[in-house]
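Taken in order, these protein sequences are the chains called H and A. Just so we're aligned, residue 1 is where the first sequence starts under the working numbering, counting upward by one. Just so we're aligned, residue 1001 is where the second sequence starts under the working numbering, counting upward by one.
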Amino acid sequence: MPFDYHRPATLEEAWRLAAADPEARFVAGGTDVMVRIREGKITPRALISLSRISDLARIAIGPTVVIGAGVRVAELERNASIRHALPVLSQAAALLGSTQIRNVATLGGNLCNASPCADLAPPLLVHDARARIATVSGAREIPLATFFVGPRASVLAPGEVLSAVVVDPPAPTARAVFLKQGRVRMDIALASLAVLLETDGQRCTRARVAAGSLGPCPMRLTETEAILTSGTLDDATLARARAAAESEVRPISDVRAGADYRRHLAGALLERAVRSLLNGAER
Amino acid sequence: MRELRYVGTDAPRPDAADKAAGRAPYIHDLSRPGMLFGKIKFSEHASARIKHIDTSRAERLPGVRAVITGENTPELRIGFLRDNFALKKGRVRQFRDEVAAVAAIDPDIAAEAIELIRVEYEPLPAVFTPEEALAEGAPLVHERDADGRPVTTNLLGVQVHHESGDLAAGERASKHIVEGEFSTPLIQQACMGTAGCIAEMDVRGNLTIWAKTQIPFLAQKDFIRALEAMGLSGRNARVIVPTLGGAFGTGLDTHAYEHIAILLAHRTGRPVKVVYDRREEFANLSPRQSARTRVVQGCDAEGRLTFRRVEVLQDNGAYTSWGATYPTVMLIPATSLYKVQNVWFDAKLVYTNNTYAQAMRGYGNPEVTWPIECLLDELAEKVGMDPLELRLLNRNTPGEKTPMGLDITTCGLGECLEFAKKSLDWTNKRGKQKDKRRGLGVASLVHVGGSGRIYRSDGGGVILKLDDFGNVNVSYGGVEMGQGLHSALTLGVAEALGVLPEKVSINPTDTSTCPWDVGTHASRGAFIALNAATRAADKARKKIFALASEIYAAEAKKSLAAFQKKNPSYQPPAYDYAAAARADNLELEAGFLFPKGAPDEPWLKMEIGKVLRALHFRGAQGQMIIEEAFYEPPSTLPDWSKGVGNMSASYAYGVQAFEVEVDTETGNVKILKGVSAHDVGRVLNQQTLRGQVQGGLAQGIGYALYEEVKTHEGRVLNPSFTDYKIPTAHEMAFPVDIFFAETNDPAGPFGAKGVGEPGLVPTAPALANAIYDAIGVRIHDLPITPEKIVMALKNKKKG
Chain H
1 MPFDYHRPAT LEEAWRLAAA DPEARFVAGG TDVMVRIREG KITPRALISL
51 SRISDLARIA IGPTVVIGAG VRVAELERNA SIRHALPVLS QAAALLGSTQ
101 IRNVATLGGN LCNASPCADL APPLLVHDAR ARIATVSGAR EIPLATFFVG
151 PRASVLAPGE VLSAVVVDPP APTARAVFLK QGRVRMDIAL ASLAVLLETD
201 GQRCTRARVA AGSLGPCPMR LTETEAILTS GTLDDATLAR ARAAAESEVR
251 PISDVRAGAD YRRHLAGALL ERAVRSLLNG AER
Chain A
1001 MRELRYVGTD APRPDAADKA AGRAPYIHDL SRPGMLFGKI KFSEHASARI
1051 KHIDTSRAER LPGVRAVITG ENTPELRIGF LRDNFALKKG RVRQFRDEVA
1101 AVAAIDPDIA AEAIELIRVE YEPLPAVFTP EEALAEGAPL VHERDADGRP
1151 VTTNLLGVQV HHESGDLAAG ERASKHIVEG EFSTPLIQQA CMGTAGCIAE
1201 MDVRGNLTIW AKTQIPFLAQ KDFIRALEAM GLSGRNARVI VPTLGGAFGT
1251 GLDTHAYEHI AILLAHRTGR PVKVVYDRRE EFANLSPRQS ARTRVVQGCD
1301 AEGRLTFRRV EVLQDNGAYT SWGATYPTVM LIPATSLYKV QNVWFDAKLV
1351 YTNNTYAQAM RGYGNPEVTW PIECLLDELA EKVGMDPLEL RLLNRNTPGE
1401 KTPMGLDITT CGLGECLEFA KKSLDWTNKR GKQKDKRRGL GVASLVHVGG
1451 SGRIYRSDGG GVILKLDDFG NVNVSYGGVE MGQGLHSALT LGVAEALGVL
1501 PEKVSINPTD TSTCPWDVGT HASRGAFIAL NAATRAADKA RKKIFALASE
1551 IYAAEAKKSL AAFQKKNPSY QPPAYDYAAA ARADNLELEA GFLFPKGAPD
1601 EPWLKMEIGK VLRALHFRGA QGQMIIEEAF YEPPSTLPDW SKGVGNMSAS
1651 YAYGVQAFEV EVDTETGNVK ILKGVSAHDV GRVLNQQTLR GQVQGGLAQG
1701 IGYALYEEVK THEGRVLNPS FTDYKIPTAH EMAFPVDIFF AETNDPAGPF
1751 GAKGVGEPGL VPTAPALANA IYDAIGVRIH DLPITPEKIV MALKNKKKG
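Okay, here's the thing in structure tokens:
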């Protein structure tokens, strides 16, 4: 179906367009929105492209890391500052879609699509990232963990725009890794897991575990985190953490995989991630 | 034979540059003046009565030129058993049934019009598995056959059965017996270019159709029949084949969408194009048949095979394609893969309300090779023998006549097995890397290598037309669909005729200009085309030599005079022109005509174009060189009720082997190295052949590890590449050791056998055997997904 296409240069202009047409929809790279339009799943009367708004495409590394929502996935994969500050995000970016998709898809699009399998969500969740939401009346920041409210649903109200993701710099001892299981390499995750650990000798002082495709939205596995930090991080603790991860996730069975396999993957990927972090293979 | 100049080289394919540059015109690129766009309304039920179709809103949409249904068009029966209709009237039997169609001035309007068509259905009972369909009192998918006779079962009348030797005696002679049931899923051919056609009718009712077909002449027959049903008796259907982006068996039947395009073109008087988008292709184009196969086989104490029993049950879907003849090819591995006497084979096809299936590369062979080769490893384990040695012990050999009556003229299976053994360091590695969860596996194949006779003629013709400039235009009725037929044909014609390959061009396949050919299937393209072409080339050479002998002396003397004018001091050697110019003394090589044994003098060598011009411009004696030959291979149409007959002029053997590493936590299978070794008779083009083998391997790996059309109550659940996964470059990033055994088959052109399909035949069992070697788990149902591996390991642990 035909639709109008707007390409504002500023957020203010975007808001004016959105106010004028309540049925218009924001779009960035379009790699999700266009697919859904073609499949007839959504029929917006107009698209408001955010890709010309240069403010949204900035990366600022200062006291905090601020990544504009319009930053391309390929940029997250290759940008030296991001690779240095948040290597786990680059790692996940490199596993998202194909080269062509990564060249147009954006960070904000991946998050706002709010798919349970969003590859960029788990690595940001383990960094306690905040979502910066811009509205006509000003900006606010909320924890990314509360941004997702269900499959393809976020907290964004009409007219609100995810403008950036903000991350406090990780502690010097923090290490994180992202693991993803697909049917082939270029695939939607059947299950994905990001794990961040801060360790002090044999003890894990801080743990963050976030899962993709293992529940209605990208989610933190807080019980698993608690076990990982409960004492000496030995095989027994890891086994308990693995069991916790398997019971904490809420996977579904669909055409891609069964819930049992996904549940198994939650544990398998957790153990693999933790072991690789403890072996120092990742930073 | 003269020494080969071009055959066996790695010359680039003639179609490669245009394809790489985006200039090759696929059906998607073609347009005709005034062309309309057709679109089909598909059923929303797997089984239902059509109560009413309301097309009024679609008809009123501006830009719509025609809306047709089964009610307002002539009934066009299609399909191998003529159990299908272009447009369904009163009843749908599968989700993809065509209930209406529109033609509009652009594709968007056509799509909108389709949405405006309202169909009222009354759902009817349905069956979705062969078991359900065969159960007592099961609803019938078809109440009557094509002749209107009532039917009482969902079992198809097409049956292939074979019994040879004495099965009971074979069992008694066995020390070890293994058995198992194995399945293969529905597979999408996943052609790069989706299905489509353009149908155009002239005022007199003659049809021209640009069709994505592998069988231009059988399609012509189908379309002429359709014209007759439309009241256009005596009219012609001309089939033109554009550049094809892969076919893999999807072009072995004519389809409802093609007949709908014809009906729309007839209704509107305008050319009509119907092209499937990817979603339509996945949901509405027939996939490869699924199969469930039970195999029992035994061996004596030394590992010699004693008997084999193969029982196949196939879900045919709601209608019947040529794919229903799968069992004819299944017989080949069942009876002739390794030396085995005492064979029992039976195949049953059952109607269900699932999407109807059609052929794909390998044509039943992979479905049966899969269980046979998996169970051979189980047999070897029982004997306590290395599985590769067991295969060597039972390998086929030249001169053998198999239980099916196949005459094995040449056979390189032993060489291929030895190559795999060496390439993978088999003896040192097999069974010895379980600590690393690594394993080795091997499987073999036999397939028709000299075409496969399943029609009353298995022939094909070639016309060679030489022009005044020494160009050779080749007309062949078979189809280049990406496999490299034109590459083989170019080199073979140049070789056989004695001209440069760059002077050879292959005409587009067109039933009006090309000689008859049964179709490009059964790995027969290059085999048939070159057998015909070399015969036509022989005729052309004879004619050229006979005519040239009349003019050679005079022409050579003219050349000498011209040469002497430029080189006044030149003294030619004495030369007997009369003797030299005898027809049986002339030779044509690399585009030059000259007497055999002639001194190396430029004026004695005549460029072929010059010769042809001299023959053309001879006043009343002027002649053109146009020759044809039709080749019918020396094979027999088997008696299918007995499953016996030498259906091919030669047989291709081959072996694939892999080293894999299995991640037991995720279930991922990583291929560390692959071997693909094939008895090809003779390499026609190194580069093209390697491409064939690599492509077959990729497709085989997809079949083995990733691919499956998933359905629920007849509806396709994964109609896109998002959820139908094929291997990409990443999955193929492992070293492949390719080997060609050149057995020089007497029936083959230059000794070559067909090798189009073999590349994917043994892939799945070779991988399954490697996975078993690595982790001791065997999966019986393809694809072998990580999920199945993990679940099997969990079950094994539970014991």
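For each residue, glycine too, the CB sits at the ideal point set by N, CA and C.
So, helix, strand or coil for Ile1779/A, using DSSP? One-based indexing of the second sequence puts residue 1779/A at position 779. Coil at Ile1779/A, not helix or strand.
Strand pairing of Phe1042/A, partner residues [DSSP]: Residue 1042/A sits at position 42 when you count from the first residue of the second sequence. Phe1042/A is bridged by DSSP to Glu1098/A.
Within chain A, the residues that Met34/H reaches when beta carbons sit closer than 9 Å: In the first sequence, counting from the first residue as 1, residue 34/H sits at position 34. At a beta-carbon threshold of 9 Å, none of the residues of chain A lie near Met34/H; the nearest stands roughly 13 Å away.
Please go through the same chain and pick out, in chain order, the residues whose beta-carbon is closer than 6 Å to the beta-carbon of Val1390/A, but skip the five residues on each side of it. As a first step, residue 1390/A is located in the second sequence; it is residue number 390 there, counting from the start. In the sequence on display, residue 1390/A carries Leu and not Val. Contacts found: Gly1303, Ala1380.
State the CB to CB distance for the pair Ile59/H and Ile53/H, rounded to an integer number of angstroms; the pair is presumed to be in contact (CB under 8 Å). Against the first sequence, residue 59/H aligns to sequence position 59. Against the first sequence, residue 53/H aligns to sequence position 53. Not confirmed; about 15 Å, so no contact.
Using 8 Å for Cβ pairs, my map puts Leu1349/A next to Asn1394/A. What's the rounded Cβ distance? Indexing the second sequence from 1 puts residue 1349/A at position 349. Indexing the second sequence from 1 puts residue 1394/A at position 394. Their Cβ separation, rounded to whole angstroms, is 30 Å, which puts Leu1349/A and Asn1394/A out of contact at 8 Å.
Indicate the three-state DSSP secondary structure (helix, strand or coil) for Ser1031/A in the structure shown. Looking up residue 1031/A in the second sequence gives position 31. In the structure shown, Ser1031/A sits in coil (DSSP, three-state: anything other than H, G, I, E or B).
Can you look up Arg283/H in the DSSP assignment and give me helix, strand or coil? Position 283 of the first sequence holds residue 283/H. Any reading at Arg283/H must be qualified, since the residue scores a pLDDT of 47, below 50, and its modelled position is unreliable; no value is offered.
What does DSSP give as the partner residues of Gly1654/A in its beta bridges? Position 654 of the second sequence, counting from 1, holds the residue named residue 1654/A. As computed with DSSP, Gly1654/A is found in a beta bridge with Leu1445/A, His1678/A.
Secondary structure at Pro1572/A, three-state DSSP: helix, strand or coil? The residue you call residue 1572/A lines up with position 572 of the second sequence. The three-state secondary structure of Pro1572/A, taken from DSSP, is coil.
Mind checking who Glu141/H pairs with in its DSSP beta bridge? Here residue 141/H refers to the residue found at position 141 when the first sequence is read from its first residue. For Glu141/H, which the question treats as bridged, DSSP gives the partners Arg132/H.
For Glu1787/A and Arg283/H, the rounded distance between their alpha carbons: As a position in the first sequence, residue 283/H is number 283, starting the count at 1. As a position in the second sequence, residue 1787/A is number 787, starting the count at 1. Legend: pLDDT at Arg283/H = 47, less than 50; position of this residue unreliable, value from coordinates given subsequently. Arg283/H and Glu1787/A: Cα-Cα distance of roughly 30 Å.
Is it buried or exposed, Glu141/H, if we count other Cβ atoms within 10 angstroms and call 16 or more buried? As a position in the first sequence, residue 141/H is number 141, starting the count at 1. Classification for Glu141/H: exposed.
What does the alpha-carbon distance come out to for the pair Glu1495/A and Glu1502/A? Position 495 of the second sequence, counted from the first residue, corresponds to residue 1495/A. Position 502 of the second sequence, counted from the first residue, corresponds to residue 1502/A. Linking Glu1495/A to Glu1502/A through their CA atoms gives a straight-line distance of about 12 Å.
When the distance is taken between beta carbons, is Val73/H closer than 8 Å to Ala57/H? Taking the first sequence and counting its residues from 1, one reaches residue 57/H at position 57. Taking the first sequence and counting its residues from 1, one reaches residue 73/H at position 73. One thing to note: Ala57/H has its Cβ no nearer than 8 Å to the Cβ of Val73/H.
Can you list the residues of chain H that Pro1727/A reaches, using a CB-CB cut of under 9 Å? Counting from 1 along the second sequence, the entry for residue 1727/A is found at position 727. For a Cβ distance threshold of 9 Å, residue set Val184 of chain H lies close to Pro1727/A, ordered along the chain.
Residue-chain proximity (Leu1116/A, chain H), Cβ-Cβ < 8 Å: The count along the second sequence starts at 1 and reaches residue 1116/A at position 116. So no, Leu1116/A is outside the interface.
With a threshold of 16 other CB atoms inside 10 Å of the CB of Gln1214/A, please say whether the residue is buried or exposed. Here residue 1214/A is taken as the residue at index 214 of the second sequence, counted from 1. With a 10 Å radius around the Cβ and a threshold of 16 neighbouring Cβ atoms, Gln1214/A comes out buried.
Nearest to Arg76/H (by Cα), restricted to the options Thr224/H, Gln91/H, Thr232/H: Here residue 76/H corresponds to residue number 76 of the first sequence, with the count starting at 1. Position check: residue 76/H holds Leu in this sequence, whereas Arg was assumed. Ranking the options by Cα distance to Leu76/H, first place goes to Gln91/H.
When the distance is taken between beta carbons, is Gly1441/A closer than 8 Å to Leu1767/A? Residue mapping note: residue 1767/A aligns to position 767 of the second sequence, counting from 1. Residue mapping note: residue 1441/A aligns to position 441 of the second sequence, counting from 1. Going by C-beta atoms, Leu1767/A is nearer than 8 Å to Gly1441/A.
Bridge partners of Ala1066/A, per DSSP? Along the second sequence, read from residue 1 onward, the residue named residue 1066/A stands at position 66. Answer is Ala1103/A, bridged to Ala1066/A.
Can you find a CB in chain H that lies within less than 8 Å of the CB of His1730/A? Along the second sequence, read from residue 1 onward, the residue named residue 1730/A stands at position 730. For His1730/A, the answer is yes, since a Cβ of chain H falls inside 8 Å of its Cβ.
Quick check on the DSSP output: what are the complete alpha helix (DSSP H) runs of length 4 or more inside the region 1390-1464 of chain A, in order along the chain? Within the region 1390-1464 of chain A, the complete alpha helix (DSSP H) runs of at least 4 residues are 1413-1423, 1426-1429.
Pick out whichever of Cys1416/A, Asp1277/A, Leu1497/A, Ile1262/A has its Cα sitting closest to the Cα of Leu1445/A. The residue given as residue 1445/A occupies position 445 in the second sequence. The option with the nearest alpha carbon to Leu1445/A is Cys1416/A.
Please decide whether Tyr1706/A counts as near chain H, where near means a Cβ-Cβ distance under 8 Å. The residue given as residue 1706/A occupies position 706 in the second sequence. At least one CB atom of chain H sits nearer than 8 Å to the CB of Tyr1706/A.
Is it buried or exposed, Gln1623/A, if we count other Cβ atoms within 10 angstroms and call 16 or more buried? Start at 1 with the first residue of the second sequence, and residue 1623/A comes out as number 623. A residue is called buried when at least 16 other Cβ atoms come within 10 angstroms of its Cβ; Gln1623/A does not meet this threshold and is exposed.
Whole angstroms are fine: how far does the CA of Leu1218/A sit from the CA of Gly1519/A? In the second sequence, counting from the first residue as 1, residue 1519/A sits at position 519. In the second sequence, counting from the first residue as 1, residue 1218/A sits at position 218. Taking the straight line joining both Cα atoms gives about 8 Å.
Identify which residue in Lys1566/A, Ala1583/A, Leu1604/A has its Cα closest to the Cα of Ala1574/A. For the purposes of this step, residue 1574/A is identified with residue 574 of the second sequence, where counting begins at 1. Selected option, being the one with the closest Cα: Leu1604/A.
Would Leu278/H pass as a contact of Leu214/H if the rule is Cβ separation under 8 Å? Reading the first sequence from its first residue, position 278 is the one you call residue 278/H. Reading the first sequence from its first residue, position 214 is the one you call residue 214/H. By the CB criterion at 8 Å, Leu278/H and Leu214/H fall outside the cutoff.
Tell me which residues of the region 252-270 of chain H have at least one Cβ-Cβ distance to chain A shorter than 8 Å, keeping chain order. Against chain A - using a Cβ distance shorter than 8 Å - the residues of the region 252-270 of chain H are Val255, Arg256, Ala257, Gly258, Asp260, Tyr261, His264, Leu265, Ala268, Leu269.
Whether or not the region 1420-1427 of chain A and the region 1588-1598 of chain A are in contact is what I'm after, with contact meaning three or more pairs of Cβ atoms, one per stretch, closer than 8 Å; do they touch? Not touching, per the Cβ criterion.
Under a Cβ-count criterion, where at least 16 other Cβ atoms within 10 Å of its own Cβ denotes burial, should Met1192/A be classed as buried or exposed? Here residue 1192/A refers to the residue found at position 192 of the second sequence. Exposed, by the Cβ-count rule.
Mind listing which residues of the region 1179-1210 of chain A have their C-beta closer than 9 Å to chain H's C-betas, in chain order? For the region 1179-1210 of chain A, there are no residues whose beta carbon sits under 9 Å from a beta carbon of chain H.
In angstroms with no decimal places, state the Cα-to-Cα distance between Phe1128/A and Gly1714/A. Along the second sequence, one-based indexing puts residue 1128/A at 128. Along the second sequence, one-based indexing puts residue 1714/A at 714. Straight-line spacing of the CA atoms in Phe1128/A and Gly1714/A works out to 6 Å.
What is the residue span of the alpha helix (DSSP H) that Ile227/H lies within? Translated into the one-based positions of the first sequence, residue 227/H becomes position 227. Residues 222-228.
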